[in-house]
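Report on one structure; see the data block that follows.
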Amino acid sequence: MAAKPRALKTLAALTAVLGALVLSACARDIPYETLKAKYANPASKFVTLPNGVSVHYRDQGRPDGPPVVLVHGFAANLDTWEPWVTRLGDTYRVVTLDLPAHGLTVTPPGYEMSTGGQVEVIDELTRKLDLPAFVLAGNSMGGGASWNFALAHPDRLRGLVLVASVGPRPQADAAAPPREGPPAIFQVMANPVGRAALRSLNPRPLAEPGLKKAYVDESLVTPALVDRYVDLALAPGRREMILAGRRGPPSASPDAVKGVSVPTLVMHGEKDTVVPVGVGKRLGELIPGAQLILYPEAGHVPMEQIPDRSAADVRAFIESLPATKSPEK
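As numbered in mature numbering (1 follows the signal peptide of the UniProt record, and there is no 0), residues -27 to -1, 1 to 302 make up the sequence shown, in order.
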């Protein structure tokens, strides 16, 4: 009987959200040149890959240091990693990138967003930069791309860091208290009518409340942060591409994750409402030899919410790895 009231409550929330979107009216695309003028910085670089994707990336930190590659999550961009770039750049060469359909990366007509495409972009970019074996870290959707990269190219990695990563759903626990629902944006995306509305309407009414749930610490959700998420979501064709068929955070096969063979650190905030902490625990159980660190007060983006502690944990993990490893040619 409890399921019906919950369903009605969810329907009411969706109706309110969609009503707000309709009232906000349509939002036009923002040209890439306008976005680049606002969000690129002196460290920004662009390279066109063989598949026609023009990737926005930054190659920062110590040029001769051991390389670390950082991959952002869904609807985010490479700026999410700047706190780690600041804290790790004295020792490591830190490469960040915007995935296809995100940030300032431009895709060719007809490009379809997929995990396989993300793996391909990471592979092609790191080869163009002639990186030796590197540590790969990914947040959320970028975590899924990262562990899939580890499955496809284990010889190119020294280590893997999964930050609030998507992965196999946790096993049901009848004794566990019900968790807080995901941000409204994912509830809307799970509904075909909601996805259709988001393709043309202004995402701003959903952005601020969704970010506050993801960040937990609402003081981090500044007007500039909200503007960045909204503006980059309005890149030409971006809404259509990013929402095509998407219904929320993806899951994965436990058997697939068990195939990860590189040293792995799993990091997860216990207050994460986007990817529940049970997913992080499951990844820690399934990946052979994985180290698991849980943060009681953190949400979905510990690299931004608790940058000092999370960066220190990553540094300790990297320092524990073998000094050298010959990359795949």
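Idealized CB from N, CA, C, for every residue including glycine.
Reference residue i; option with closest CA among the options
i    : options                   : result
A125 : G257, V194 and Q91        : Q91
I291 : K11, Y65 and P15          : Y65
G89  : P81, H45, M276 and P73    : P73
S138 : R177, G111, A123 and N121 : G111
V94  : D52, S27 and D32          : S27
G140 : M276, G253, A263 and W57  : G253
E85  : S113, E213 and A289       : E213
R227 : V250, T99, D200 and G257  : For clarity, residue 227 is Pro in the given sequence; the question names Arg instead. The residue with the shortest Cα to Cα distance from P227 is G257.
Y12  : P178, L198 and A225       : L198
E97  : G251, P81, N121 and V20   : V20
H273 : L179, G115, A289 and L259 : G115
K185 : E277, N121, A289 and A285 : E277
A285 : P15, N50 and D63          : D63
V136 : P275, G183 and P15        : P275
A296 : A106, Q33, N50 and P15    : A106
N121 : A225, A289, R211 and P15  : A225
T237 : Q33, D200, L193 and A289  : A289
Proximity of residue i and residue j at Cβ, strictly below 7 Å
i           : j    : result
W54         : L61  : no
S119        : L104 : no
P209        : D2   : yes
V67         : V58  : yes
residue 304 : A123 : One cannot answer for residue 304 here, as it falls past the ends of the chain, which runs -27 to 302.
P280        : P39  : no
A180        : Y202 : yes
G251        : A271 : no
Bridge-paired residues (DSSP) for residue i
i           : result
I266        : M240
residue 315 : In the structure as shown, the chain starts at -27 and stops at 302, and residue 315 therefore has no counterpart that could be examined.
H75         : The partner list for H75 (beta bridge, DSSP) is empty, contrary to what the question assumes.
D32         : V68
G132        : V108
S27         : T21 and V79
Straight-line gap, residue i to residue j (C-alpha atoms, nearest Å)
i           : j     : result
S17         : H29   : 7 Å
D37         : L294  : 18 Å
P4          : D204  : 10 Å
K101        : V41   : 15 Å
K231        : V134  : 15 Å
R282        : A(-1) : 39 Å
R255        : V239  : 10 Å
T7          : P143  : 42 Å
D52         : L265  : 25 Å
A217        : H45   : 19 Å
I215        : S87   : 10 Å
P23         : G262  : 36 Å
L(-7)       : P196  : With a pLDDT of 47 at L(-7), under the threshold of 50, the modelled position of that residue is not reliable, and the figure given next carries that caveat. So the two alpha carbons sit approximately 19 Å from each other.
A48         : A206  : 7 Å
L70         : R31   : 6 Å
residue 363 : A10   : No answer is possible for residue 363: the residues shown for the chain start at -27 and end at 302.
P82         : L259  : 38 Å
P269        : T99   : 34 Å
L267        : S113  : 15 Å
G183        : R211  : 19 Å
G25         : P178  : 33 Å
D200        : V194  : 10 Å
Q33         : P15   : 11 Å
R35         : N50   : 22 Å
#### Entry: At least three beta-carbon pairs within less than 8 Å, the stretch 124 to 142 to the stretch 62 to 81
No, the stretch 124 to 142 is not in contact with the stretch 62 to 81.
### Message
Check whether the stretch 187 to 201 and the stretch 234 to 253 are in contact - that is, three or more C-beta pairs closer than 8 Å.
### Response
Yes: the two stretches touch, three or more of their Cβ pairs being nearer than 8 Å.
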